[in-house]
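J.: Sharing a structure here in structure tokens format.
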Amino acid sequence: MAAIDAPATALLSVSNIEVAYGRSAPALRGVSLRLREGEVVSLLGANGAGKTTLIRSISGLLKLHSAKVLSGQVNLDGARIDGVAAHHIARKGLSQVPEGRMIFANLTVAEHLQIGALSAPVEKHEMSRRLVLDLFPALRPRIDDQAGWLSGGEQQMVAIGRALMASPRLMLLDEVSLGLAPIITRSIFEQLDRYRRETGCAMLVVEQNAKLALDFCDRAYVLDRGRILLEGSAADLKADPRVQDLYLGEAPGEGSAYTFRDAKRYRRRTRWLK
Ligand SMILES: Nc1ncnc2c1ncn2[C@@H]1O[C@H](COP(=O)(O)OP(=O)(O)OP(=O)(O)O)[C@@H](O)[C@H]1O
Ligand SMILES: [Mg+2]
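So this is what it looks like as structure tokens:
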């Protein structure tokens, strides 16, 4: 596997953090990660591996969940941000599309976009709004509708649009594809790719669909029970037999015959995947 050649001046640098919820055993145990300006990095791992906890450690939302960084540090542009309030971190150019979308059913699409723009200068708002509606034209006719009436895919577009309104330099996306039809997911990722090419915005993407994630990103990390298990370029990880076996193989029933070996392999996969 290729060595990671992230320079000392990484946009984001997570160094050896240990994070725990209340008095529970640590959910992250010495996790380190780096992300360069404009880079797209994926975070893979089974349910409970600590992906969302790592995202919260970066965005400053740990406190909301009674958790904190016990040791190690998180730096954005060389400045320490662990322990800093989420709204201050947002002003530094970091936006989050949270797990579960966190859409307010009673607010309109336009109001969600206004909330997202709060951390950006007023003169940028109109341009950002045009950009969001250009990326997601399905939102145009729904702009004054309450978000609770939208489809799951449209709600995810609202969650991403809200994050984009801040003109971020770094976006954290937590399971954008969850519960969406594959065709909607594909179209959303195409638009994210377009946004990335047009703006150079860096992205840290948590994704259960490993193939989608590895097709989209430059580099990836695999988290397993609170530790980084693997890291490397998307190409290296796609070629890694462990990733192929546990993430990119066929599920039982998709092949011709379902053997005992398949069952064992599937059980191992699901320990990571589900
Ligand atoms: N609010 C919370 N309070 C207490 N423990 C939590 C909380 N959120 C997560 N945990 C625990 O921290 C560990 C990591 O959870 P986390 O949600 O970060 O995993 P994940 O990789 O995002 O999983 P998933 O794929 O299911 O979203 C798990 O053991 C989980 O039970
Ligand atoms: Mg999660």
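Note that this note's numbering has the sequence shown beginning at 5, numbered continuously upward. Here a beta-carbon is modelled for each residue, glycine too, at the ideal position from N, C-alpha and C.
#1: For glutamate 258, which of helix, strand or coil comes out of DSSP?
#2: Run through the DSSP bridge pairs and tell me what glutamine 212 is partnered with.
#3: Report the residue ranges of all beta strand (DSSP E) runs contained in full by the stretch 149-225; include only those spanning at least 3 residues, in chain order.
#4: Evaluate alanine 255 with the Cβ neighbour count: other Cβ atoms within 10 Å of its Cβ, from every protein chain shown; 16 or more gives buried, anything less gives exposed.
#5: Is the distance from the Cβ of leucine 196 to the Cβ of glycine 165 below 8 angstroms?
#6: What separation, rounded to the nearest whole angstrom, lies between the Cα atoms of isoleucine 21 and leucine 218?
#7: Quick one: Cα of cysteine 205 to Cα of serine 99, how far?
#8: Is it true that the CB of tyrosine 225 sits closer than 8 angstroms to the CB of valine 45?
#9: Where the beta carbon is closer than 5 angstroms to any heavy atom of ligand 1, which residues qualify, in chain order?
#10: Please determine, among Ala243, Asp178 and Ile187, the residue with the shortest C-alpha to C-alpha distance to lysine 55.
#11: Taking its Cβ as the centre, do 16 or more other Cβ atoms sit within 10 Å of glutamate 202, making it buried, or is it exposed?
#12: Around the C-beta of phenylalanine 108, are 16 or more other C-beta atoms found within 10 angstroms, so that it is buried, or is it exposed?
#13: Ignoring anything shorter than 3 residues or poking outside the stretch 68-117, list the beta strand (DSSP E) runs there in chain order.
#14: Ligand 2 heavy atoms versus the CB of glutamate 179: any closer than 7 angstroms?
#15: Taking 8 angstroms as the threshold, find out whether the stretch 14-30 comes into contact with the stretch 181-188 through three or more Cβ pairs.
#16: Can you determine whether any heavy atom of ligand 2 sits closer than 7 angstroms to the C-beta of glutamate 211, and answer yes or no?
#17: Specify the secondary structure class of isoleucine 21 as computed by DSSP and reduced to three states.
#18: Rounded to a whole number of angstroms, what is the C-alpha to C-alpha distance between alanine 14 and glycine 104?
#19: I'd like the list of long-range same chain contacts for alanine 121, defined as Cβ closer than 8 angstroms, with 5 residues on each side in sequence excluded.
#20: Which class does glutamate 43 belong to by DSSP, given the choice of helix, strand or coil?
#21: From valine 78 to aspartate 240, what does the alpha carbon distance come to, in whole angstroms?
#22: Alpha carbon to alpha carbon, how far is leucine 252 from valine 126?
#23: Please find out if some non-hydrogen atom of ligand 2 comes closer than 7 angstroms to the beta-carbon of glutamate 103.
T.: Reading from the atomic positions:
#1: Model confidence at glutamate 258 stands at a pLDDT of 42, short of 50, so the residue's coordinates are unreliable; what they give is reported in the following sentence. It is coil, neither helix nor strand.
#2: Partner(s): none; glutamine 212 has no beta bridge.
#3: 174-178 and 206-210
#4: Because the pLDDT at alanine 255 is just 45, under 50, the model does not fix this residue reliably, and the value given afterwards should be weighed accordingly. Looking at its Cβ environment, which holds fewer than 16 other Cβ atoms inside 10 Å, alanine 255 is exposed.
#5: no
#6: 25 angstroms
#7: 10 angstroms
#8: yes
#9: Tyr25, Ala31, Asn51, Gly52, Ala53, Gly54, Lys55, Thr56, Thr57 and His69
#10: Asp178
#11: exposed
#12: exposed
#13: 71-80 and 98-101
#14: yes
#15: no
#16: no
#17: strand
#18: 29 angstroms
#19: Lys128, His129, Ser132, Arg133, Met169 and Ala170
#20: coil
#21: 26 angstroms
#22: 45 angstroms
#23: yes
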